[in-house]
Structures are given as structure tokens and as C-alpha cells.
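Engineer: Before I ask anything, here is the structure I am working with.
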Amino acid sequence: MRYFLFSDNLRIVLGFSLALFISMVLIPSIIDIARAKSYVDTPNSRTSHRNTTPTLGGIAIFIGSVIAFLMFVSVAAIPTFHYIMASVLIIFFIGFKDDLIGISPYKKFLGQVIAALIVIEFGGIILTNLHGLFYIYPITYNFGLVLSLITIIGITNCFNLVDGIDGLSASLSILACAAFGTWFYLTGQFDWAILSAGIIGATLPFLYFNLFSRRNKIFMGDTGSLFLGFIISILAIKFNESCTGISGTYSIQAAPAVSIGILMIPIYDTLRVFVTRLVKNKPPFTPDKTHI
């Protein structure tokens with residue numbers, strides 16, 4: 030009844046448009062506040078930019094996306110939506126604190142584990158079938174829980190780690206959401222398509238300011254990259270699980286492989302950097318300039 034006046038197609042368009050509008054309006058104000066309060070990223074030995082640049086662009090991405098979600102996603106279609114939003118808030122505050130005053134890697138990791146367990150245990154975002162990957166089909170609940178936890182934390186940090194080159198994390202997020210969102214739309218899972226469209230809409234204005242604006246350039250910070258990676262990990266697991274019960278034109282038999290293909294660049298880059306650092310006897314989370 031809530032969306033009696035809105036068709037599914039219109040909800041997707043409105044969700045995308047609202048997220049885009051809010052993000053576009055917020056970013057200039059966030060830039061002014063970041064400059065006034067010195068929330069800026071200063072060039073150093075491990076950065077690729079040359080000028081002091083405001084951070085906290087992820088706030089606009091988060092607010093634009095979440096407001097669009099709350100306005101146009103039907104709780105009837107996603108009954109565990111409130112658990113997803115609760116976990117998203119945890120991820121947001123972890124990134125926000127890290128951008129403002131810093132946070133220890135252990136607390137950051139613990140917060141991610143708690144957020145991931147919420148969406149797995151209460152949100153129902155859990156892997157139950159590998160669709161023949163490594164010749165494995167249905168998996169046990171315990172194995173699915175562990176694998177889902179690794180998937181969520183892994184993808185979340187992949188997008189966080191590649192956020193060192195202008196536009197990289199944002200553009201990869203848009204491409205991933207476009208791929209997953211298109212499939213959700215074609216298979217009639219419109220509310221999951223709205224989640225994807227909201228992310229795209231909120232990220233596009235940031236991408237413009239980050240890549241093309243010289244006077245108002247801004248970085249997303251951990252606030253944005255952790256949020257984007259976390260949402261995309263949820264979309265990836267939902268995509269894999271949805272493929273289990275779908276047949277016909279849009280049925281995908283090798284869903285995990287397709288998911289890995291969509292997310293190949295951040296996954297490959299993270300694994301390559303981790304291996305390179307370990308070979309050089311450096312901690313894998315040590316920041317540097319060796320990303321692709």
C-alpha cells in the first residue's frame with residue numbers, strides 16, 4: 030500500500046534521482062566544512078595527490094543512498110531491511126571516526142565483523158550454495174556463515190584499499206552496482222535494483238567532483254569506501270543466492286564466478302598488494318603507493 034501510486038520502474042528512477050540530487054547538493058557544503066575544520070588529506074610519501082584535499086565525501090554518498098533506500102525500498106519485499114540498515118550504520122561510523130581522528134586496525138576489523146554478523150544472522154545475507162564452484166553445490170550453515178563473513182569483510186576492504194587513485198573505488202562501485210542492479214531488475218527483484226540504483230545515483234556526483242573539479246575536489250575517505258564495499262558485498266551475496274531459485278533466460282549457473290568477474294579488479298589488486306607486502310616482510314595493511 031505504501032507505493033500504491035508508484036510503479037516499480039518509477040521507484041527505481043526516483044530512488045536514483047533522489048540519491049543523485051542529495052549527494053550533489055551536500056558535497057559543496059561538505060567541502061566548505063572540511064576546509065573550515067581542516068578535515069583534509071595532506072600529501073605525503075604514500076599518496077598520489079599533490080594538493081591538500083578535503084575528505085569526508087563519503088558522507089554525501091551515505092546520506093544520499095540511505096535516504097533513497099528508506100524512501101523507496103519496500104520493507105515487505107525485504108523483511109530484514111532494518112537489519113541491513115543497522116549494520117550499514119555501524120560501518121558508516123567506523124569509517125567516519127577513522128576519517129576524523131583515526132581508529133586502530135583491530136577496532137576497525139572488530140566493527141566490520143559485528144556489522145557482517147548482523148546481516149548474516151539477522152539479515153539473512155548468507156551463502157548457501159556455491160553453484161558448482163570447486164565442484165561444490167549446497168553448503169552447510171556453519172560453512173556458509175564463515176564464507177559469508179570472509180566475503181563481506183573481504184569485499185568491504187577491497188574497495189577501501191583501492192581508494193588511493195582518483196575515481197577508482199567510485200567508478201568500480203558504479204560498475205558493480207550497474208551489473209548487479211541490471212540483473213535484479215531483469216529478474217523482477219526491484220527493491221534490490223533500487224539499492225543498486227541509489228548507490229549509483231549518490232556516487233555519480235562524488236565522481237564528478239573527485240575527477241573533474243579543480244576548485245572543489247574531494248575524497249570519499251573511509252566513510253565512503255567502507256560503505257560502498259559493504260553494500261556491494263551484500264548485493265554480491267544476494268545475487269549468488271537469488272540464482273539458486275531462478276530458471277529461464279536470466280538464470281546464471283556459475284553465479285560465484287560471475288560475481289568474482291564483476292569484482293575482479295578490486296579483488297585482484299588487494300590480493301596482489303597483500304602478497305607483495307608479505308614477500309617484502311611488510312604487514313599486509315601497511316599503506317603504500319603500489320596499487321594498480
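Per this note's numbering, residue 30 is the first one in the sequence shown, and the count goes up by one each step.
Every residue gets a Cβ at the ideal spot worked out from N, C-alpha and C, and that includes glycine.
Under the rule that 16 or more other beta-carbon atoms within 10 Å means buried, what is F91, buried or exposed?
Structural biologist: It is buried - the Cβ of F91 has at least 16 other Cβ atoms within 10 Å.
Engineer: Between the segment 196–204 and the segment 223–232, are three or more C-beta pairs nearer than 8 Å?
Structural biologist: Short answer: they touch.
Engineer: To the nearest angstrom, report how far apart K136 and A115 are at their CA atoms.
Structural biologist: If you take the alpha carbons of K136 and A115, they lie about 18 Å apart.
Engineer: Looking only at its chain, what residues have a beta carbon closer than 7 Å to the beta carbon of V102, apart from the 5 residues adjacent to it on each side?
Structural biologist: Around V102: F110, D220, I223, L224.
Engineer: With a cut-off of 8 Å on the beta carbons, I'd call S94 and T180 a contact; round off their distance for me.
Structural biologist: In fact, because the Cβ distance is near 21 Å, the residues do not count as touching under 8 Å.
Engineer: Evaluate T305 with the Cβ neighbour count: other Cβ atoms within 10 Å of its Cβ, from every protein chain shown; 16 or more gives buried, anything less gives exposed.
Structural biologist: It counts as exposed.
Engineer: Taking the beta carbon of T169 as the centre, do at least 16 other beta carbons fall within 10 Å, making it buried, or is it exposed?
Structural biologist: Burial call: exposed.
Engineer: Using a 10 Å radius around the Cβ and a threshold of 16 neighbouring Cβ atoms, would you call F98 buried or exposed?
Structural biologist: Buried.
Engineer: From what residue to what residue does the beta strand (DSSP E) around Y214 run?
Structural biologist: Premise fails: Y214 lies in the alpha helix (DSSP H), 197–215, not in any beta strand (DSSP E).
Engineer: Measure the C-alpha to C-alpha separation of L190 and F151 and round it to an integer number of angstroms.
Structural biologist: Their backbone Cα atoms lie some 28 Å apart in a straight line.
Engineer: Given that a residue counts as buried once 16 or more other Cβ atoms are within 10 Å of its Cβ, and exposed if not, what is Q141?
Structural biologist: Buried, since its Cβ has 16 or more Cβ neighbours within 10 Å.
Engineer: Select from L55, G183, D61 the residue whose C-alpha is nearest the C-alpha of D298.
Structural biologist: The shortest Cα separation from D298 among L55, G183, D61 belongs to G183.
Engineer: So S288 packs on Q218, CB below 8 Å; how close in whole Å?
Structural biologist: With a Cβ gap of about 15 Å, S288 and Q218 do not count as contacting.
Engineer: P285: which of A145, I123, L264, K66 sits nearest, CA to CA?
Structural biologist: Of the candidates A145, I123, L264, K66, the one whose C-alpha sits nearest the C-alpha of P285 is L264.
Engineer: Ignoring anything shorter than 4 residues or poking outside the segment 79–116, list the alpha helix (DSSP H) runs there in chain order.
Structural biologist: Entirely contained in the segment 79–116, the alpha helix (DSSP H) runs reaching 4 residues are, in chain order, 86–101.
Engineer: Between Y237, K126, L43, which lies nearest to Y68 when the distance is taken from Cα to Cα?
Structural biologist: The residue with the shortest Cα to Cα distance from Y68 is K126.
Engineer: Within 8 Å of any Cβ in chain D, is that where the Cβ of S46 sits?
Structural biologist: Any reference to chain D falls outside this structure, which holds one protein chain only.
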